[in-house]
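Trainee:
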Amino acid sequence: MKQSFINTMAALILITAGFFSMQGCKPKGPQSGVSGNAAAKVYVAPGKYDEFYNFVSGGFSGQMSVYGLPSGRLFRVIPVFSVDPEKGYGYSEETKAMLNTSHGFVPWDDLHHIALSETDGIQDGRWVFGNGNNTPRIARIDLKTFRTAEIIEIPNSAGNHSSPFITENSEYVVAGTRFSIPLGDNLDVPINTYKQNFKGTVSFISVDKTSGQMNIAFQILTPGVNFDLARAGKGKSHGWMFFSCYNTEKANTLLEVNASQKDKDFIMAVNWKKAEEYVKAGKGVKKSVKYAHNLYDESKHMATSTIENEVLVIDPKDCPDMIYFMPCPKSPHGCDTDPTGEYIVGSGKLAAVIPVFSFTKIQAAIAAKNYDGEYDGIPVLKYEAVLHGEVQKPGLGPLHTEFDDNGNAYTSFFVSSEIVKWNIKDLKVLDRVPTYYSIGHLCVPGGPTRKPWGKYVIAYNKITKDRYLPTGPELTQSAQLYDISGEKMKLLLDFPTIGEPHYAEAIPADLIMKNSQKIYKIEDNKNPYVTMGDNKTNVVRKGNEVHVYMTAIRSHFTPDNIEGVKLGETVFFHVTNMEQDWDVPHGFAVKGANNAELLIMPGETQTLAWKPERVGIYPMYCTDFCSALHQEMQGYIRVSAPGANVPLTFSTGKTAPVVTEKKDSAKTK
Ligand code: K7E
Ligand code: CUA
Numbered sequence: 280m281k282q283s284f285i286n287t288m289a290a291l292i293l294i295t296a297g298f299f300s301m302q303g304c305k306p307k308g309p310q311s312g313v314s315g316n317a318a319a320k321v322y323v324a325p326g327k328y329d330e331f332y333n334f335v336s337g338g339f340s341g342q343m344s345v346y347g348l349p350s351g352r353l354f355r356v357i358p359v360f361s362v363d364p365e366k367g368y369g370y371s372e373e374t375k376a377m378l379n380t381s382h383g384f385v386p387w388d389d390l391h392h393i394a395l396s397e398t399d400g401i402q403d404g405r406w407v408f409g410n411g412n413n414t415p416r417i418a419r420i421d422l423k424t425f426r427t428a429e430i431i432e433i434p435n436s437a438g439n440h441s442s443p444f445i446t447e448n449s450e451y452v453v454a455g456t457r458f459s460i461p462l463g464d465n466l467d468v469p470i471n472t473y474k475q476n477f478k479g480t481v482s483f484i485s486v487d488k489t490s491g492q493m494n495i496a497f498q499i500l501t502p503g504v505n506f507d508l509a510r511a512g513k514g515k516s517h518g519w520m521f522f523s524c525y526n527t528e529k530a531n532t533l534l535e536v537n538a539s540q541k542d543k544d545f546i547m548a549v550n551w552k553k554a555e556e557y558v559k560a561g562k563g564v565k566k567s568v569k570y571a572h573n574l575y576d577e578s579k580h581m582a583t584s585t586i587e588n589e590v591l592v593i594d595p596k597d598c599p600d601m602i603y604f605m606p607c608p609k610s611p612h613g614c615d616t617d618p619t620g621e622y623i624v625g626s627g628k629l630a631a632v633i634p635v636f637s638f639t640k641i642q643a644a645i646a647a648k649n650y651d652g653e654y655d656g657i658p659v660l661k662y663e664a665v666l667h668g669e670v671q672k673p674g675l676g677p678l679h680t681e682f683d684d685n686g687n688a689y690t691s692f693f694v695s696s697e698i699v700k701w702n703i704k705d706l707k708v709l710d711r712v713p714t715y716y717s718i719g720h721l722c723v724p725g726g727p728t729r730k731p732w733g734k735y736v737i738a739y740n741k742i743t744k745d746r747y748l749p750t751g752p753e754l755t756q757s758a759q760l761y762d763i764s765g766e767k768m769k770l771l772l773d774f775p776t777i778g779e780p781h782y783a784e785a786i787p788a789d790l791i792m793k794n795s796q797k798i799y800k801i802e803d804n805k806n807p808y809v810t811m812g813d814n815k816t817n818v819v820r821k822g823n824e825v826h827v828y829m830t831a832i833r834s835h836f837t838p839d840n841i842e843g844v845k846l847g848e849t850v851f852f853h854v855t856n857m858e859q860d861w862d863v864p865h866g867f868a869v870k871g872a873n874n875a876e877l878l879i880m881p882g883e884t885q886t887l888a889w890k891p892e893r894v895g896i897y898p899m900y901c902t903d904f905c906s907a908l909h910q911e912m913q914g915y916i917r918v919s920a921p922g923a924n925v926p927l928t929f930s931t932g933k934t935a936p937v938v939t940e941k942k943d944s945a946k947t948k
């Protein structure tokens, strides 16, 4: 067993090394991989819309980006877990609370997976969810506004990688721990007591049908393995969730060797309908924890962060027939269910085959108690009993699988750098195409749902050496678009991505664009600092704070001259954008502010806090080219010494009063 592992490893290392050195002697010529009428197939004429939205995770950028397909045009970067000075996200007073956690303000994360909301197993275009790996969080983005609406932290978790995979009616998004950790009261234990003290959890986070609001419904305590990916059952397997896990060796050091010892790790099958019954029957135990739950209030244009103190945990020991392990070769990564819900595909990163499990056989094996022993008290189903079959010699380093609407699967191979198309029923390999290079995730529009829209598969690649103009030591990552409408896959296009793309989903444009919001109605603005018109503008001193209630409309701020601020005071600019027109944001920036700009949408109020450091006159201006006179959209704020005798005044459109000795007390309003 050990020898075969070493052989596999040796082979993989050789192949990997071969692959990397191969970059010097890859196929001759520019090797674009494109032929025929590829350009015409991705050409979206100026003024025309793309057919699909593509939501792409940004990996270590912490953001999500939105592209059009087939053009590959970038439309928007949605700030999620990372601050974004472009949009003032995480910098304005209103948005700071979005990034609050039990560890305080965390301005960054690592976003790997996308989950579009579903109804009846079909994408419904309402929300998109993303995971934060590092400080475990899940975010919900509202697809009316393309803004992050909610972030919930996951307690009892570390490395929220197996997340946020969604059930058929968006009942839950799940979150599995990548790192097991000590839980409970005694957290200060030696790391080498891993086997005794470290545990995993998988969390089921409910999603409110109407508002989308998330809530941690329950967590299931699990053995101390590493959860990697997950997928919900669908159709006949609705009510089940499948999680891939590695490190069933429970190693706590040098995992590349120590967590690759066993021939098989597991896919964990969770009957979440059963878990719900146990929860209802009172089998859960409330554990005291600490996690942040942050919500953006659309009417106040303001986020609030609440620290929650309790979570419901259920232990499989008290809940029989709820979870099972299925052996899966060699450190499974992807774990994907086909559109019918019958087949579950495991992708062992170091495996030479792709095992495909049958839900029908899983049910039969459970009924017959066809077990291969137990793992930490949890039944392990017999591999042969639950296996539909294995795809033989598919490629090297399988990672992820997506599906089309014709019974075909598409698996990404990191090491052999290719996409392999195979038939789900007979497991025959049908086609393979190279990717440039080292593909991670891949995406077929609607690929994880009951209703794939087909047409394309997109590869998200880790390495692009020699594909793009060099940009110093780091090169862009990229996506590649392939036509899958025929028997053979055809490369059409590649385009660079924001950050490192991991999972992505694509959805027909009309499911989203018809609901896209154009403005916020000014009369609905409930921000406590709103200014409902130029005649309501004001500047108010409150202790050592100065609050500026300001409006912005093409092409001026009211007020645009402010005097009487004293050094040591903090100025809060509460800027309300009075526009009621689509796509007319105003920006706001002030010289020297240790902060980003504000970018204020029509009808919205946002606040910039600024503590000036020196006496003087500070310019402020609109940063978004909003009209022909955008460059005139500017003003001044005067900061005086702490003891100065300058009254607090403000004005717009007042020309200079006659200059006298006492100009400082000129009263303007
Ligand atoms: Cu394969 Cu983090 Cu989903 Cu990347 S993961 S590739
Ligand atoms: Cu407002 Cu430029």
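Position one of the sequence shown corresponds to residue 280 (the working numbering), numbered consecutively onward. C-beta atoms are modelled at their ideal positions from N, C-alpha and C, and glycine is treated no differently. This one's a predicted model, so the numbers in the text were calculated from it and none came from an experiment.
(1) Going along the chain, which residues of its own chain have a beta-carbon closer than 7 Å to the beta-carbon of Gly652, five neighbours each way excluded?
(2) With distance defined between alpha-carbon atoms, name the residue in Ser350, Gln885 and Trp387 nearest to Asp363.
(3) Going by beta-carbon coordinates alone, are Thr743 and Tyr782 separated by less than 9 Å?
(4) May I ask which residues mark the beginning and end of the alpha helix (DSSP H) holding Asn823?
(5) Going by the beta-carbon positions, is the gap between Val356 and Met343 smaller than 9 Å?
(6) When every heavy atom of ligand 1 is checked, does at least one fall within less than 8 Å of the C-beta of Leu395?
(7) Name the one or two DSSP bridge partners that Glu432 has.
(8) If you follow the beta strand (DSSP E) that Asp272 is in, where does it begin and where does it stop?
(9) Out of curiosity, what's the CA-to-CA distance linking Ala582 and Ala923?
(10) State whether the stretch 859–871 contacts the stretch 900–918, with contact taken as three or more CB pairs (one from each stretch) at a distance under 8 Å.
(11) Check the C-beta distance from Ala868 over to Met829 and give it rounded, since I have them as a contact under 8 Å.
(12) Between the Cα of Gln402 and the Cα atoms of Ala509, Asn333, Ile431 and Lys815, which residue gives the shortest distance?
(13) Is there at least one Cβ from chain C nearer than 9 Å to Val818's Cβ?
(14) Check whether the Cβ of Gly719 lies closer than 8 Å to any heavy atom of ligand 1, and answer yes or no.
(15) Phe521 lies in the beta strand (DSSP E); which residues open and close that run?
(16) Check the DSSP bridge columns for Tyr603 and list the partner residues they point to.
(17) Compare the Cα-Cα distances from Arg510 to each of Phe477, Ile495, Leu466 and Ser449 and report the closest residue.
(18) With a 10 Å radius around its C-beta and 16 neighbouring C-beta atoms as the bar for buried, classify Thr855 as buried or exposed.
(19) Nearest by alpha-carbon distance to Gly514: which of Ala428, Asp399, Pro608 and Lys541 is it?
(20) Would you say Asn412 touches ligand 1, meaning its beta carbon is less than 8 Å from a heavy atom?
(21) Can you name, in chain order, every residue of its own chain whose Cβ lies under 8 Å from the Cβ of Ile393, other than the five neighbours on each side?
(22) Our contact map puts Tyr897 next to Lys870 with C-beta atoms below 8 Å; I'd like the distance itself, whole angstroms only.
(23) Taking 8 Å as the cut-off, does the CB of Tyr525 come closer than this to any heavy atom belonging to ligand 1?
(24) Let me make sure I understand the geometry here. Which of Ala920, Val481, Asp487 and Ser485 has the alpha-carbon closest to that of Leu508?
(25) Determine the burial state of His580: buried for a count of at least 16 other Cβ atoms within 10 Å of its Cβ, exposed for fewer.
(26) Measure the alpha-carbon distance for Asn439 versus Asn412 and round it to whole angstroms.
(27) Cβ of Tyr782 versus every heavy atom of ligand 1: is any distance shorter than 8 Å?
(28) Exposed or buried, which one is His720 when buried takes at least 16 other CB atoms within 10 Å?
(29) Alpha carbon to alpha carbon, what distance is there between Trp519 and Glu447?
(30) Asn588: which of Pro599, Ser567 and Met605 sits nearest, CA to CA?
(31) Using alpha carbons as the reference points, say which of Gly627, Gly751, Ala437 and Asp617 lies closest to Cys524.
(32) Using a Cβ-Cβ cut-off of 7 Å (strictly less than) and excluding sequence neighbours within five positions of Asn702, which residues of its own chain qualify?
(33) Between the stretch 793–808 and the stretch 737–754, do at least 3 Cβ pairs fall closer than 8 Å?
(34) Going by other Cβ atoms of all chains shown within 10 Å of its Cβ, with 16 needed for buried, is Pro673 buried or exposed?
(35) Who are the near neighbours of Val313 in its chain, counting only those whose CB is closer than 6 Å to its CB and skipping five residues on each side?
Mentor: Let me spell this out:
(1) Val659
(2) Trp387
(3) no
(4) No alpha helix (DSSP H) holds Asn823; DSSP gives it neither H nor E.
(5) yes
(6) no
(7) Arg416
(8) What is shown of the chain runs 280 to 948, which leaves residue 272 out entirely.
(9) 37 Å
(10) yes
(11) Going by Cβ atoms, the distance from Ala868 to Met829 rounds to 13 Å, so no, they are not a contact pair.
(12) Asn333
(13) The displayed structure is made up of one protein chain only, and chain C is not part of it.
(14) yes
(15) Trp519 to Tyr525
(16) Ala548
(17) Ser449
(18) buried
(19) Asp399
(20) yes
(21) Phe334, Val335, Ser336, Met343, Val407, Phe408, Gly409, Tyr782, Ala783 and Glu784
(22) 5 Å
(23) no
(24) Val481
(25) buried
(26) 4 Å
(27) yes
(28) buried
(29) 10 Å
(30) Ser567
(31) Gly627
(32) Gly686, Asn687 and Leu709
(33) no
(34) buried
(35) Leu770
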